[in-house]
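Asker:
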Amino acid sequence: MTKKEQLVELLRQDARLSNEKLAVMLGVTEAEVASMIDELEAAGMIIGYTAIINEEEFDKNSVSAFIEVRVSPEVKCGYDDVAAVIAQYKEVNSVYLMSGGYDLAVTIKGTNLRDIAFFVSDKLAPLSGVLSTTTHFILHRYKEKDKMFIKDSDERSLVSP
Numbered sequence: 037m038t039k040k041e042q043l044v045e046l047l048r049q050d051a052r053l054s055n056e057k058l059a060v061m062l063g064v065t066e067a068e069v070a071s072m073i074d075e076l077e078a079a080g081m082i083i084g085y086t087a088i089i090n091e092e093e094f095d096k097n098s099v100s101a102f103i104e105v106r107v108s109p110e111v112k113c114g115y116d117d118v119a120a121v122i123a124q125y126k127e128v129n130s131v132y133l134m135s136g137g138y139d140l141a142v143t144i145k146g147t148n149l150r151d152i153a154f155f156v157s158d159k160l161a162p163l164s165g166v167l168s169t170t171t172h173f174i175l176h177r178y179k180e181k182d183k184m185f186i187k188d189s190d191e192r193s194l195v196s197p
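Note that the sequence shown covers residues 37 to 197 in this note's numbering.
1. Take Asp-151 as the anchor and find which of Val-128, Lys-39 and Ser-135 has the nearest alpha-carbon.
2. Going by DSSP, what residue range makes up the beta strand (DSSP E) through Ser-130?
3. Within 10 angstroms of its Cβ, does Phe-173 collect 16 or more other Cβ (buried), or is it exposed?
4. Tell me which residues share the same chain as Lys-40 and place their Cβ nearer than 6 Å to its Cβ, disregarding the 5 neighbours each side in the sequence.
5. Between the stretch 120-137 and the stretch 83-93, do three or more beta carbon pairs fall short of 8 Å?
6. Under DSSP, the beta strand (DSSP E) around Phe-102 begins and ends at which residues?
7. Gly-63 to Met-184, Cα distance in whole Å?
8. So, Leu-167 versus Val-111, is the Cβ gap smaller than 8 Å?
9. Name the DSSP bridge partner or partners of Thr-170?
10. Between which two residues does the alpha helix (DSSP H) holding Leu-58 run?
11. DSSP has Glu-180 in a bridge; who is on the other side?
12. Thinking C-beta only, is Val-156 closer than 8 Å to Ile-122?
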């Protein structure tokens, strides 16, 4: 694994690590770490840094949903174009092109079920090229981006994979 690949893996685990700590972990100088990060950002490989928030604890009124979207790509308006329009809504957290029974996977966040329903019926479904949607409400998060949300309570209740 190259130093850049190691750096990216370390940042995936904890993006708050200082360049000084990263340099020690990688066996390079702070300047080399800064240079690698600058290169990765300039190339569009690192596009941002974010915290993983336990929304259920932070905002008990927030509601998240996973929406399957079937799309009918048209001439000069393909998947990328529809995805770009959907991605611009403030409610949208992510948009992915998928294989299988639907074309786009969209995750959104609102303050209640009505917000999600309004988004789907008034913003998403009427878009040109959108054939159908299926909404799945996220009831509880157990793991996200390699981070567990399960609190250690009783080891006997955990099942080994």
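Where a beta carbon is used, it is the ideal one built from N, C-alpha and C, also for glycine.
Answerer: This is what the structure holds:
1. Here residue 151 refers to the residue found at position 115 of the sequence shown. It is Val-128.
2. Taking the first residue of the sequence shown as 1, we reach residue 130 at position 94. First-last of the beta strand (DSSP E) with Ser-130: 128-133.
3. Reading the sequence shown from its first residue, position 137 is the one you call residue 173. With fewer than 16 other Cβ atoms from the protein chains shown falling within 10 Å of its own Cβ, Phe-173 counts as exposed.
4. Taking the first residue of the sequence shown as position 1, residue 40 is located at position 4. Only residues of its own chain outside the window of five on either side were considered, and among them Met-72 have a CB closer than 6 Å to the CB of Lys-40, listed in chain order.
5. No, because fewer than three Cβ pairs between the stretch 120-137 and the stretch 83-93 fall closer than 8 Å, the two stretches do not touch.
6. One-based indexing of the sequence shown puts residue 102 at position 66. 99-107 is the span of the beta strand (DSSP E), which, as asked, contains Phe-102.
7. Working through the sequence shown from its first residue, we reach residue 63 at position 27. Working through the sequence shown from its first residue, we reach residue 184 at position 148. Using only the alpha carbons, I get a separation of about 29 Å.
8. Locating residue 167 in the sequence shown gives position 131, where the first residue counts as 1. Locating residue 111 in the sequence shown gives position 75, where the first residue counts as 1. Result no, Cβ atoms of Leu-167 and Val-111 do not sit closer than 8 Å.
9. Stepping through the sequence shown from its first residue, residue 170 is reached at position 134. For Thr-170, which the question treats as bridged, DSSP gives the partners Glu-104.
10. Numbered from its first residue, the sequence shown carries residue 58 at position 22. Per DSSP, the continuous alpha helix (DSSP H) segment holding Leu-58 begins and ends at 55-62.
11. Indexing the sequence shown from 1 puts residue 180 at position 144. The beta-bridge partner set that DSSP reports for Glu-180 consists of Lys-183.
12. To locate residue 122, count along the sequence shown from 1; it is residue 86. To locate residue 156, count along the sequence shown from 1; it is residue 120. No; because the gap between Cβ atoms is not below 8 Å, this pair is not in contact.
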